[in-house]
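K.L.:
Protein chains: 2
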Amino acid sequence: MTRAAPNPARRIREDIEGRIHSGEWKPGTRIPIEQELAARYGCARATVSKALGELVAAGLVERRRKAGTFVAHPPVHSAVMTVPDLAELIAARGESYRWEARAILRRKNAGGADTLQIDGIHFAADEPFALENRTIELAEVPAAAEANFAAEAPGTWLLAHIPWTSARHIVRAVAATRAEAAALATGSGAACLQLERDTWRGDRPVTHVRQLFRGDRFDLVAEFQAGTGKREGN
Amino acid sequence: MTRAAPNPARRIREDIEGRIHSGEWKPGTRIPIEQELAARYGCARATVSKALGELVAAGLVERRRKAGTFVAHPPVHSAVMTVPDLAELIAARGESYRWEARAILRRKNAGGADTLQIDGIHFAADEPFALENRTIELAEVPAAAEANFAAEAPGTWLLAHIPWTSARHIVRAVAATRAEAAALATGSGAACLQLERDTWRGDRPVTHVRQLFRGDRFDLVAEFQAGTGKREGN
DNA sequence: TGGGTCATTATGTCTAGACATAATATGAAG
DNA sequence: CTTCATATTATGTCTAGACATAATGACCCA
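For the record, the sequence lines run as chains A and B. If you count the first sequence from 1, position 36 lands on 36 in my numbering, and the numbers rise without skipping. If you count the second sequence from 1, position 199 lands on 199 in my numbering, and the numbers rise without skipping.
(1) Using only the alpha-carbon positions, how far apart do A173/B and A181/A sit?
(2) Between the C-alpha atoms of Q194/B and T47/B, what's the straight-line distance to the nearest angstrom?
(3) Answer yes or no: do A72/A and L86/A have a C-beta to C-beta separation smaller than 8 Å?
(4) In chain B, which residues lie with their C-beta within 9 Å of the C-beta of S49/A?
(5) Exposed or buried, which one is R134/A when buried takes at least 16 other CB atoms within 10 Å?
(6) Tell me, please, whether the CB atom of R63/A is closer than 8 Å to any CB atom in chain B?
(7) If the cut is a Cβ gap below 7 Å, which residues of chain B does V174/A touch?
(8) Find out if the Cβ-Cβ distance for the pair A191/B, G155/B is shorter than 8 Å.
(9) Looking only at its own chain, which residues have a Cβ that is under 7 Å from the Cβ of A79/A, when we skip the five neighbours before and after it?
(10) Since T82/B meets chain A, which of its residues come closer than 9 Å, beta carbon to beta carbon?
(11) Who pairs with W99/B in a beta bridge, going by DSSP?
(12) So, is Q35/B buried or exposed, given that buried needs 16 or more other C-beta atoms within 10 angstroms?
(13) What in chain A is Cβ-close to P163/B, meaning under 8 Å?
(14) Can you round the beta-carbon distance between S188/A and A176/A to whole angstroms, since I take them to be within the 8 Å contact cut?
(15) Can you pull the chain B residues whose beta carbon is under 7 Å from the beta carbon of Q225/A, in chain order?
(16) Starting from W200/A and walking both ways along the alpha helix (DSSP H), at which residues does that stretch end?
(17) Bridge partners of A143/B, per DSSP?
(18) Who are the Cβ neighbours of P27/A in its own chain at under 7 Å, not counting the five residues just before and after it?
(19) So for H161/B, helix, strand or coil by DSSP?
(20) According to DSSP, what are the bridge partners of A133/B?
(21) Tell me the rounded alpha-carbon separation between I31/B and V141/B.
(22) Measuring only the C-alpha atoms, how far is G111/B from D203/B?
(23) Under 9 Å Cβ-Cβ, which residues of chain A neighbour H169/B?
(24) Do E127/A and D119/A have their CB atoms nearer than 8 Å?
(25) Is any beta-carbon of chain A found at less than 8 Å from that of I136/B?
(26) For chain B, find out if any of its Cβ atoms is closer than 8 Å to the Cβ of D85/A; answer yes or no.
(27) Looking at the structure shown, is P205/B part of a helix, part of a strand, or coil, going by DSSP?
(28) Could you list which residues in chain B have their beta carbon closer than 7 Å to that of A57/A, in chain order?
(29) L212/B: which of A185/B, L37/B, P205/B and A38/B sits nearest, CA to CA?
(30) Quick check on L52/B - is its C-beta less than 8 Å from some C-beta in chain A?
(31) In this structure, how does DSSP classify H169/B when only helix, strand and coil are distinguished?
(32) By Cβ distance, which residues of its chain are closer than 7 Å to A144/A, with the 5 residues on each side in sequence left out?
(33) With H, G and I counted as helix, E and B as strand and the rest as coil, what does DSSP make of L55/B?
(34) With a threshold of 8 Å between beta carbons, is L159/A in contact with chain B?
(35) When the Cα atoms are used, what is the spatial distance from E24/B to A124/B?
(36) Which whole-angstrom value is the C-beta distance of D219/B and V206/A, which I expect to be below 8 Å?
Laid out in structure tokens, this is it:
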């Protein structure tokens, strides 16, 4: 068996990426079949296939059986937005962080199960940074009943205690109500960024949170790199 | 050579996903080595390796040479946000779409190169939906000089003409100025969602756009599914 | 002309074995 | 007791060949 070259798959991937980025192979173009690419790069077809698989994952190409592999059409712009734990976000800015719980109470949710409701404020450098209204389903996270949310922000606590989740975020611009404006030390009606997040474990709801940020103190940053799938943010 | 089972790689991936989701394998846990998994599932090590590779891509596990494969720690919440072409977005809602260019002019940018500046309004069902201020670098997109942006929105045109890009988005809540409020048929100071996007081709800037939406008529939806990398949105 | 069947083709997936590489653990030397 | 060299180990990547599968297009028949 011949010795393998250092990094054929990577070389193939980068070569094809380059041809697409440069415009040499335009969206919709059919690229050579795997056999031919294998011959051209002097490697096994499985290696070409792996490289193409990565390009599919990156959204650069599409493969159709029998038809061949085609340069994908430019994506509707999408971006990976990271929505970090507020404590971490603020620590990363080098500011002091503080959480203040305003109300913690148990109640029944629509299904009759126990729900923990927590309201509070996040402070950055002793200035109010975000309001938070959260509910936690105790059926999914029984340990939450014993946690001390007056000291530790529930988001941070949940990150450390929930195995794995899927989530849906809704980002919206809203005007602060009088009460919200007062809590955020801004004017009534001020533009605020509202982030709502529903979190599930499997298909059962775990927590719902609404965070309200002063529009002049917070923004979301999202990056998108076609071809690499790399993600950064905030 | 033995006949291959229908979908070993997928079975392996889903089994491991399940153990992670259920909490059986907690973050930081070392999972069995590839050889052992291969034996357990009755397949070749390469197949296990492929399955693990997909789990890495999904962010569920981390692999370290010699050390082994470990369940990844839950991600700081991230989500894939899709920022669609406005014409498509509005068409998908079943509303009529219209673009109105307000100002198109050439000017020199900071580097002395030619820049096209375009301002306009997007309408959904004949109501103003978004303001757009855009600049296009003619050095990167010379064809833009001949395009008729009075008829076709520049975002739509660019999607069809630019080979591939990376982008950075900034989402922020801002208060509408008097002029903006008037153009959007809302009140002065109304909360608006501002989306800024810088787009590059390779490392050269292509276009910058600022879109301003009425906060009560638009929101961004972003989904995140740990383990699958699936993306949906809006 | 319309429609159904079938061979062809290109991707999809897997196997068994080989060698590369990096990080850890071990043991020897100072 | 510390430090450096070495062996071990688990992942990383590749090869060559095999069979599966889906979609296309050509062919044949009504």
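Virtual Cβ for every residue (Gly too), placed ideally from N, Cα, C. All values reported here derive from a predicted model rather than from experimental measurement.
P.N.:
Working from what's here:
(1) As a position in the second sequence, residue 173/B is number 173, starting the count at 1. As a position in the first sequence, residue 181/A is number 181, starting the count at 1. The straight-line gap from Cα to Cα measures roughly 14 Å.
(2) Residue mapping note: residue 194/B aligns to position 194 of the second sequence, counting from 1. Residue mapping note: residue 47/B aligns to position 47 of the second sequence, counting from 1. C-alpha separation (whole angstroms): 46 Å.
(3) The count along the first sequence starts at 1 and reaches residue 72/A at position 72. The count along the first sequence starts at 1 and reaches residue 86/A at position 86. Against a cut-off of 8 Å, the Cβ pair of L86/A and A72/A comes out as no contact.
(4) For the purposes of this step, residue 49/A is taken as residue 49 along the first sequence, with counting starting at 1. Under the 9 Å cutoff, chain B gives no residues; its nearest Cβ is about 11 Å from S49/A.
(5) For the purposes of this step, residue 134/A is identified with residue 134 of the first sequence, where counting begins at 1. R134/A is buried by the Cβ-count criterion.
(6) Your numbering for residue 63/A matches position 63 in the first sequence. It does not: the Cβ of R63/A has no partner Cβ on chain B nearer than 8 Å.
(7) Counted from its first residue, the first sequence places residue 174/A at position 174. In chain order: A191 and G215.
(8) The residue labelled residue 191/B in the question sits at position 191 within the second sequence. The residue labelled residue 155/B in the question sits at position 155 within the second sequence. Not a contact, by the Cβ cut-off of 8 Å.
(9) Position 79 of the first sequence, counted from the first residue, corresponds to residue 79/A. The residues are A222, E223 and F224.
(10) The count along the second sequence starts at 1 and reaches residue 82/B at position 82. Residues of chain A passing the Cβ test: P75, V76, H77, S78 and A79.
(11) For this step, residue 99/B is matched to residue 99 along the second sequence. DSSP, once it has assigned bridges, lists H122/B as partnering W99/B.
(12) Mapped onto the second sequence, residue 35/B falls at position 35. It counts as exposed.
(13) Residue mapping note: residue 163/B aligns to position 163 of the second sequence, counting from 1. Result: I20, H21, S22, G23, K26, P27 and P74.
(14) In the first sequence, counting from the first residue as 1, residue 188/A sits at position 188. In the first sequence, counting from the first residue as 1, residue 176/A sits at position 176. Right, the Cβ-Cβ distance comes to about 6 Å (below 8 Å), so this counts as a contact.
(15) Residue 225/A sits at position 225 when you count from the first residue of the first sequence. Within chain B, the residues near Q225/A are S166.
(16) Against the first sequence, residue 200/A aligns to sequence position 200. W200/A -> not in any alpha helix (DSSP H); beta strand (DSSP E) instead, spanning A191 to R201.
(17) In the second sequence, the residue the question calls residue 143/B occupies position 143. DSSP, once it has assigned bridges, lists no residue as partnering A143/B.
(18) Taking the first residue of the first sequence as position 1, residue 27/A is located at position 27. Counting only Cβ-Cβ distances below 7 Å, and skipping sequence neighbours, we find V71, A72, H73 and P74.
(19) Along the second sequence, one-based indexing puts residue 161/B at 161. Helix, per DSSP.
(20) Translated into the one-based positions of the second sequence, residue 133/B becomes position 133. It should be noted that the sequence gives Asn, not Ala, for residue 133/B. Answer is D119/B and R210/B.
(21) Against the second sequence, residue 31/B aligns to sequence position 31. Against the second sequence, residue 141/B aligns to sequence position 141. So the alpha carbons of these two residues sit roughly 50 Å apart.
(22) Along the second sequence, read from residue 1 onward, the residue named residue 111/B stands at position 111. Along the second sequence, read from residue 1 onward, the residue named residue 203/B stands at position 203. Cα to Cα, G111/B sits roughly 15 Å from D203/B.
(23) Along the second sequence, read from residue 1 onward, the residue named residue 169/B stands at position 169. Per Cβ cutoff of 9 Å: H77, A79, M81, L220, V221, A222, E223 and F224.
(24) On the first sequence, position 127 is the one that residue 127/A refers to. On the first sequence, position 119 is the one that residue 119/A refers to. Contact: no.
(25) To locate residue 136/B, count along the second sequence from 1; it is residue 136. Not one chain A Cβ lies under 8 Å of I136/B.
(26) Translated into positions along the first sequence, residue 85/A becomes position 85. So yes, D85/A belongs to the interface.
(27) What you label residue 205/B is simply residue 205 of the second sequence in a count that begins at 1. Of the three classes helix, strand and coil, the one that applies to P205/B here is strand, per DSSP.
(28) As a first step, residue 57/A is located in the first sequence; it is residue number 57 there, counting from the start. What A57/A touches in chain B: A57.
(29) Locating residue 212/B in the second sequence gives position 212, counting from the first residue. When each option's Cα is compared against that of L212/B, the closest is A185/B.
(30) The residue given as residue 52/B occupies position 52 in the second sequence. Taking Cβ atoms only, chain A never reaches closer than 8 Å to L52/B, which makes this a no.
(31) As a working mapping, residue 169/B is identified with position 169 in the second sequence. Looking at H169/B - three-state DSSP - the assignment turns out to be strand.
(32) Residue mapping note: residue 144/A aligns to position 144 of the first sequence, counting from 1. Cβ neighbours of A144/A beyond the five flanking positions: L116, I136 and L138.
(33) Here residue 55/B refers to the residue found at position 55 when the second sequence is read from its first residue. Three-state DSSP puts L55/B in a helix.
(34) Here residue 159/A refers to the residue found at position 159 when the first sequence is read from its first residue. Yes, because at least one Cβ of chain B sits closer than 8 Å to the Cβ of L159/A.
(35) Residue 24/B sits at position 24 when you count from the first residue of the second sequence. Residue 124/B sits at position 124 when you count from the first residue of the second sequence. Approximately 49 Å, taken between the alpha carbons.
(36) The count along the second sequence starts at 1 and reaches residue 219/B at position 219. The count along the first sequence starts at 1 and reaches residue 206/A at position 206. Incorrect: roughly 22 Å between the Cβ atoms, too far for contact.
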